[in-house]
Structures are given as structure tokens and as C-alpha cells.
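Asks: My structure is below; once you've seen it, I'll send some questions.
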Amino acid sequence: MISLNNISVHFAGTPLFDDISFIINRRDRIGLVGKNGAGKTTLMRIINGQMEPTTGQVASPSGSSIGYLPQEVQLNSRQKVIDEALNAFAEIKELERKIQRLTDELTNRTDYQTEAYHNLSQKLSEANERYDILGGATQHARAEKVLLGLGFERLDLERPLTEFSGGWQMRVELAKILLQSPELIMLDEPTNHLDIESIQWLENFLIDYPGAVLVVSHDRAFLDNVTTRTIEISMGKAYDYKACYSDYEMLREERLEQELAAYSNQQKQIAQVEHFITRFRAKNTKARQVQSKIKMLEKMEKVEVEDLDKSSIHFRFPEAPPSGKVVIEAIDVSKNYGSKQVLHDLNFMVARGERIAFVGRNGEGKTTLSRIIIGELEHQGQIKLGHNVKIGYYAQNQAEFLDPEKTVFQTLDDVAAGEVRKQTRNILGGFLFSGDDIDKKVKVLSGGEKSRLAIAKLLLEPVNLLVLDEPTNHLDMRSKDILKSALLQFNGTIILVSHDRDFLQGLTGKVFEFRHRKIKEFIGDVYDFIDHRNIESLKQLEAGRKAIQADRETGESASRQNWEQKKQFERELRKLQNGIEKAEKEIERCEKEMAELEKIIANPALDPQRIESGEVFKNYETQKICLAKAEKDWEQYHLDLEVLEKKQ
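Structure (C-alpha cells):
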């Protein structure tokens, strides 16, 4: 589909990559990987036509389309969320204007028999046909579906985009690209602004997408789930693997071992030749052989081996000072931002040594609660810290609080005190800041370097409670693995806000899910939680019914009042069960009916009469309304169930 032919890029005479060639096929799922600075973003910009290579060319079929989402986008739209998303349908919007213009013109003409009238009528027919092919009648429904999948609530769709943070605005940009359905989707770190649920939805969307997908990501789980091909940019060359990221890592190790063996053999050969040249250069009888050896060396194609960076973020958090058994106790904690309530009557306890993951949709209060715990935000209710609790906090935007005019060394040295000050250079070395790097000003550092420096500051004072809010943002795979290793060795308590499933796996033993201003506790790691999340609440109802039956069988003499309460509880359980079952059946029916209608809309030839009469579109809108009502009923039944369970 898209062919990169001998692409080379030089900056100030220095090659970034040289003679790169590969083909992106129609259904490819490609992960583009390489060290920071290897040229991944540059290559994506070249494919997108935003940048010209020094030599080589990108060839693609005429009329092919590309959707590209960079890491950062400047947005200035004041439109509503849904209206901004609908801007993705540029051709449909143009067709709507054209159809209206042609319809108005035909309405005002009376020369029905003329060729000019016939031509206008033909143009209107063609415009309507193209409008139907593009799915003009379902554009609103498709936009809603994608926006909801990316985490927006239905009420959010009518709010101005300016009311949302940059991360949520990026979701709208991502939605627009998905809705445009280009032949190639290119995404640069798409999971940075998404939560776990939205990432899973995006994974499923991309897996089923009919076009090609090219992604740059430091999310190993995302790459493994989406990609089936990995292209590595290394030392100016492209290495193509027909494998997902984890399989690529193993294949890459095999390649590097083979290259190292070939390099070692060649170095031995070169040493032998050079020894021969040195030994016999002065002898006239060997002049011809010496010149032959010299020419052989000059013509020899040197085997290059990647300069393997064996350095790692070697560090351990300082020994955690002893604390009380109860580290945090929350009593009726609530938080409002103006009229918007984010958290409501939270009650929980964190014990010494626990490792807790905060998960949930963005905006549900994870960062807010983190800031309340460290004493940064005013709130209602009480947060009681246990005896001798010392907190180390890493904010999601911690790098922004670094002084851009200070050097790397000054950043740590200015806050270090006592014996730890003597270790400043060692700490920086452990975070890959060595030599001249420590004299660089913060303002010239990359996002990953700033994140590493901000994490390094946590080592300056021993703590026993780490509260980390998205610490892996901007960190590459290797840095994340080393940080995870250090956290596994930390002997204090950890609260970790993250959407990186691979990073969380095995690191935490409890999950706090934030939803509807409340939190739910779950014992297990993140994948246990994800699996459990899909269990239907009807199983909980069944468990409640069995518990009631067990009470009866014990033969305990319950009072008449308790018996009546149990009967009432059973009646309400039965009512909720029936309501949930009915709502689920209605949801299933609506979705099935809408799927059938979407097939007809996508291919009008299946039922041209109903398409022409407009019955298909009317029925689709009716089913959409029914689906929304059924989903709302289903959610309300579950909320009522939670209230009922708390009463019992």
C-alpha cells in the first residue's frame, strides 16, 4: 500500500538513518520501536508528508489517506465535543452543502425538460448516492460510539471542548482520526492520555480496523495486543520482524548475538591482516601481497554492532523508616470543585506494606485523592496518617516543577542535606546522568530525562509511603523495567496511579477502582481486577440468595422482624434481578437490530426500497434511543443493587 524506498535523513551532515526501505501493507499492524532519538517521529512525519527526506521517496496509491496523531497537539476549538468530532466527516459535510445547494436550485427552476435541469438532477442523484455510501445518515451515531469508547459520558458530548483538559482534548483528536477511516492510522504514544478501559477499547478497535496501523508506544501490553509486526530503527537502519513486541525482544537478542559473533570473527581477521601488513611492509619481496592485503581491508564491508547501552537506572529506594501498622485512615472523605463533586464519603484504610493501584477513568478522582493524602488539597472528612509516616510524592506533571534554569546537578544538590549530599553524583549516575550531562540545564532535557531527574529527587530522603502518580509517562521500556524492579524491592507502602498494565502487573496486590465518586477495593493485581470486572452482577445476586438460604438451614431462631426483613430483601433482589435481565435483553436486541441496519446502510443494495423511503434511518434512530434508555435502566438497577447490599 505505502512503500518507503531508500529513505535517508541527514541533519547538518550527520545521518539519522540511511537507505531505509519497507512496505506498509493494507492490514498491517506495525509497532515502530527504537531508542529515543533514533528517528521514529521523524519517520512518521516523512510518511505523513510533513517532512521531506534527504534522499529517497515515499510512494503511495493516488487518493490514499493517512491519519496521524502526534504526541502533542495544540487545540483551540470552542465547539462542543460532538461537533468537533463530527468535523472528521469533511467530505460528508461538503456533500450536505452540495445537496442543499442543488436541491434549492432545482426547486426554483421550472425548465423540467431541458438538458440543464437534467444535468442538475443527475448531479444531485450522484451526490446523494455518495452521501449514502459514506454513511452520512449514521455519522452522528458513529461519532457517539467512538467518543463513548474513548471514555466520554453522554452528557460530556454537549459540553464545549474548552472545558476539558489537554488529555481529554487529545481523545477528541484521536476520535476524529478513527472516524475518518484512513487507509493508514499512525499514532505516536496514543496511550499517554488514556485510562485502562479506554486503552482496551482502542486495542479492540485497532485489531478489527480494516486499514493499516502504525504505532509508536512504550506500553508493552498495548503493543503485544495490537501489533503483529515490529520495525526497529537502530543505527540508521530498519530491522523488520514479523512479531509482536515481546517476541521481537527475543528475536532481537538472537540477531545481536549473531552480529556480535560476526563482528568478533571479522575483528580477528582484520587483526591477522594488519599483523601481516606490519610484518612484511618493509620487504620488497612481499610488496605485492602487502598491497593486496591493504586493498582487501579497504574493500571489506565492516560489520557494525549496535553500541549496546549496558548502563541502566541502577538504584534502590532508601530503607523505609518503620511506621505504624495503619498508614492511612480515611473517614468520610469528600471533595468538590465548585459545584462538581469528584469524591463522596470515602472510607478506607491502608496498612503498612500494602501496594495499592489506583485505577479508573481519567477525571474520576485518582489524582485528587493522591493530593489529598499528601496534604496538598483541602477536603471534607478526615485523612489520618499513621505513626511516623513519611511521604514521597511523584506528581503526574512533576517534571514541570523542576527549575528550567538549574543544572541537573543543582536540582539535586540544592535539596540534598547531610550524608546523602555526598551521594548526589552517584544517584545521578544511577539515573544515566554522567560526565557533562550533570551540567546540562533542565530546560534542554527531554521529557524522559526530566522524569528520571524528578524520580531521582525521591531518593534524597528516606520515606515509608510512596505516592506515585503516572511515574512511567515519558519513560522508555528499559527505564520502566528498572523502576519496577526498584519498587519491588522497596519495603514500605506504595500507592500507584497508572494505566500501564504491564508495569502494574505483579507490582501491586490491591486495586482501588474509582467510579461514580466512590472507590471499590479489589484484592489481586491489575489483570485479576480486569478479569473480575467483567463478571456479571447477577452472580452477586445469586450469592446473596444462597447466603439467605444458608441462614435458614442453620435453624437459628430469628425474630419475626428479621424474617420479614429477609423476605423484603429477597423481594427487592428478585425485582432487581428481573430488571437487570430485562435491560440486558433489551440492550442485546437493540444492538443486534442496529447491527443489521448498519449493514443495510453500508450497502444500500441489500434493501434499496427501505433506504429510499428513509425507513432504515428512522428505525436506526429509534433503536439508538431504545438502547440509550436500556443502558440507563441497567446502570440504575446496579446502583440500586449497591444501595441494597449496603443496607443488608
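The opening position of the sequence shown corresponds to residue -13 in this note's numbering, with each subsequent residue numbered one higher. Ideal placement from N, C-alpha and C gives every residue a C-beta, glycine not left out.
1) Where does Ile185 fall in DSSP's three states?
2) Leaving aside the five residues before and after Ser167 along the sequence, list all residues of the same chain whose C-beta is less than 6 Å from its C-beta, in chain order.
3) What span of residues does the alpha helix (DSSP H) with Ala(-9) cover, start to end?
4) Between Thr27 and the rest of its own chain, which residues show a CB-CB distance below 8 Å, the 5 nearest in sequence each way excluded?
5) Please determine if the segment 390 to 405 and the segment 430 to 447 are in contact, where contact requires at least 3 C-beta pairs separated by less than 8 Å.
6) Name the DSSP bridge partner or partners of Asp174?
7) Are Val449 and Gly361 close, meaning C-beta to C-beta below 7 Å?
8) For Phe498, which option in Glu287, Gln36, Asp226, Leu332 has the closest C-alpha, if you only look at C-alpha atoms?
9) Taking the C-alpha atoms as reference points, what is the distance between Ser309 and Ile481?
10) Are there 16 or more other CB atoms within 10 angstroms of the CB of His104, so buried, or fewer, so exposed?
11) Just to confirm before moving on: does the CB-CB distance between Leu431 and Ile424 stay below 7 Å?
12) Fully enclosed by the segment 10 to 65, which alpha helix (DSSP H) runs are 4 residues long or longer?
13) Have a look at the DSSP bridge pairing and note the partners of Leu452.
14) What first and last residue would you give for the beta strand (DSSP E) that runs through Ala343?
15) Residues in the same chain with beta-carbon distance under 7 Å from Asn605, minus the five sequence neighbours each way, listed in chain order, please.
16) What are the partner residues of Gln368, as DSSP defines its beta bridges?
17) Go ahead and label Ser250 buried or exposed: buried means 16 or more other beta carbons lie within 10 angstroms of its beta carbon, across all protein chains shown.
18) From Ser63 to Gln99, what distance separates their C-alpha atoms?
19) In the DSSP assignment, find the alpha helix (DSSP H) that holds Ala268 and state where it starts and stops.
20) Return the Cβ separation of Ile263 and Ile280 in integer angstroms, given the expectation that the two are a contact with Cβ distance under 8 Å.
21) Given this structure, state the Cα-to-Cα distance separating Leu454 from Ser356, to the nearest angstrom.
22) Per DSSP, what kind of secondary structure is Ser325 in: helix, strand or coil?
23) Based on Cα-Cα distance, which residue from Lys585, Asp462, Arg31 lies nearest to Asn22?
24) Comparing C-alpha positions only, which one of Gln475, Leu72, Ile359, Pro457 sits nearest to Gly339?
25) Taking Cβ positions, are Leu707 and Gly351 nearer each other than 7 Å?
26) Would DSSP call Thr608 helix, strand or coil?
27) Could you give the residue range of the beta strand (DSSP E) that holds Ser220?
28) Tell me which residues share the same chain as Glu159 and place their Cβ nearer than 8 Å to its Cβ, disregarding the 5 neighbours each side in the sequence.
29) Give me, in chain order, the residues of the same chain whose beta-carbon lies closer than 6 Å to that of Lys466; leave out the 5 immediate sequence neighbours on both sides.
30) Return the chain-ordered list of same chain residues with a C-beta closer than 8 Å to the C-beta of Leu92, the five sequence neighbours on each side being excluded.
31) Have a look at Ile573 and Asp619 and give me their C-alpha separation to the nearest angstrom.
32) Under 8 Å: do the segment 111 to 127 and the segment 66 to 86 share three or more Cβ pairs, one atom per stretch?
33) Work out the CA separation of His365 and Ile468 for me, nearest whole Å.
34) In chain order, what residues of the same chain have a beta carbon less than 8 Å from the beta carbon of Ala224, not counting five sequence neighbours either side?
35) Which one of Ala614, Ile505, Asp593, Glu601 has the shortest CA to CA distance from Glu570?
36) Which whole-angstrom value is the C-beta distance of His485 and Ile193, which I expect to be below 8 Å?
Replies: From the atom records:
1) helix
2) none
3) For the sequence presented, residue -9 should be read as Asn rather than Ala. That residue, Asn(-9), is in no alpha helix (DSSP H); its beta strand (DSSP E) goes -12 to -3.
4) Pro56, Gln57, Asp174, Val202
5) yes
6) Val202
7) no
8) Leu332
9) 15 Å
10) exposed
11) no
12) 26 to 33
13) Gly378, Ile480
14) 341 to 346
15) Leu583
16) Ile317
17) exposed
18) 47 Å
19) Element bounds for Ala268: n/a, residue is neither H nor E.
20) 6 Å
21) 8 Å
22) coil
23) Asp462
24) Gln475
25) Nothing can be reported for residue 707: it is not among the residues displayed for the chain, which extend from -13 to 634.
26) helix
27) 215 to 220
28) Leu55, Val59, Leu61
29) Thr458, Phe489
30) Tyr103, Leu106, Ser107, Leu110
31) 10 Å
32) yes
33) 36 Å
34) Phe3, Ile6, Ser7, Phe8, Ile217, Glu218
35) Ala614
36) Their Cβ separation, rounded to whole angstroms, is 19 Å, which puts His485 and Ile193 out of contact at 8 Å.
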